[in-house]
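Trainee:
In the numbering used here, the protein residues as written are 31 to 358.
Below, the structure written as structure tokens:
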């Protein structure tokens, strides 16, 4: 129990540090989001009074005062789920904008990451058991896809599967002309169909790393003394491989999977840009392009919290799988 309480205490401090850094960094960046809104209003012919400017500053989390006062207001707003107002979708709330993009990224990048991890670890496990087989010789081919630049692989798939054979659409998250967003079979089917090509890009570019890492760990684990002892005792080969070898060999992959799973919320900016996919990655790119500091701040906060939460879950599971990590 002490092990888990220490882990939770560490992540509580890490969350506070992430929130504080997320507050400080946008205020150190050049530019002023209030001036951006005022310039847009002036270009549209709308009058800008000092009262209007002060109201915009308050809406964006400023409004004068020292940094300590702003920091206190920032923490209070966070407790109420208020992340500010987005400049891109003004006067929409940042929490609403992120909430609209977050399910798309989790569905696409999350499922693709889980699928690539499961397939890559399983294939790497079998490749480690049967060294020199055709599956073992397939690993250099899969790592070649990982070495190809991410955007280049996405563009190749768009050319081959969208333009040449025309199996999948090349852009968008769903058919905007024939479907309406909602919990309907038509919309879900359209979203899955549009997500196949970007998901395939993520799987192809990451499966080689999981295979290679798991294969090498299996080869090293199978040569350990306790594996040789288990085989000498006459245990079944399947039990030795699954219960002893695979369980210990998969531990480093679980650590890498925790990091990958945490960055699911960040999305794949390059993939979402190539496929014009309405996820968090494209939202972050839009926020940076338009100097939307409130939206950037909200996206960075969600990414930080998701990474910490994923690592906390895996740390707890790691302690359950390998009791040695709980020993002092």
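By construction, the Cβ of each residue, glycine as well, lies at the ideal position given by its N, Cα and C atoms.
Between the Cα of residue 240 and those of 42, 101, 172, 333, spot the shortest distance and give me the residue it belongs to.
Mentor: 172
Trainee: For residue 175, I'd like the list of residues in its chain whose CB is within less than 7 Å of its CB, leaving aside the five on either flank, ordered along the chain.
Mentor: 183, 234, 235, 238
Trainee: On the DSSP letters alone, give me the boundaries of the alpha helix (DSSP H) that residue 223 sits inside.
Mentor: Boundaries of the alpha helix (DSSP H) around residue 223: 215 to 252.
Trainee: Apart from the five residues just before and just after residue 149, which ones in its own chain have a Cβ nearer than 7 Å to its Cβ?
Mentor: 237
Trainee: Applying the criterion that 16 or more other CB atoms from any shown protein chain within 10 Å of the CB defines a buried residue, is residue 343 buried or exposed?
Mentor: Residue 343 is classed as exposed because its beta carbon has fewer than 16 other beta carbons within 10 Å across all chains shown.
Trainee: Taking contact to mean 3 or more Cβ pairs, one atom from each stretch, closer than 8 Å, check whether the segment 218 to 228 and the segment 186 to 202 are in contact.
Mentor: The segment 218 to 228, when compared against the segment 186 to 202, does touch it at the 8 Å Cβ threshold.
Trainee: Hey, is the segment 117 to 128 in contact with the segment 313 to 329, meaning 3+ C-beta pairs nearer than 8 Å?
Mentor: yes
Trainee: Are the beta-carbon atoms belonging to residue 40 and residue 104 less than 8 Å from one another?
Mentor: no
Trainee: Please state whether DSSP places residue 266 in a helix, a strand or coil.
Mentor: coil
Trainee: Could you tell me which of 194, 99, 201, 317 sits nearest to residue 301, measuring between CA atoms?
Mentor: 201
Trainee: For a quick check, are the C-beta atoms of residue 131 and residue 309 less than 8 Å apart?
Mentor: By the CB criterion at 8 Å, residue 131 and residue 309 fall inside the cutoff.
Trainee: On the criterion of 16 or more Cβ atoms from any shown chain inside 10 Å, does residue 307 qualify as buried, or is it exposed?
Mentor: buried
Trainee: Considering only the beta carbon of each residue, do residue 280 and residue 151 sit closer than 8 Å?
Mentor: yes
Trainee: Within the continuous alpha helix (DSSP H) that includes residue 182, where are the two ends?
Mentor: 180 to 187
Trainee: Any idea if residue 139 is buried or exposed, counting beta-carbon neighbours within 10 angstroms, 16 or more meaning buried?
Mentor: buried
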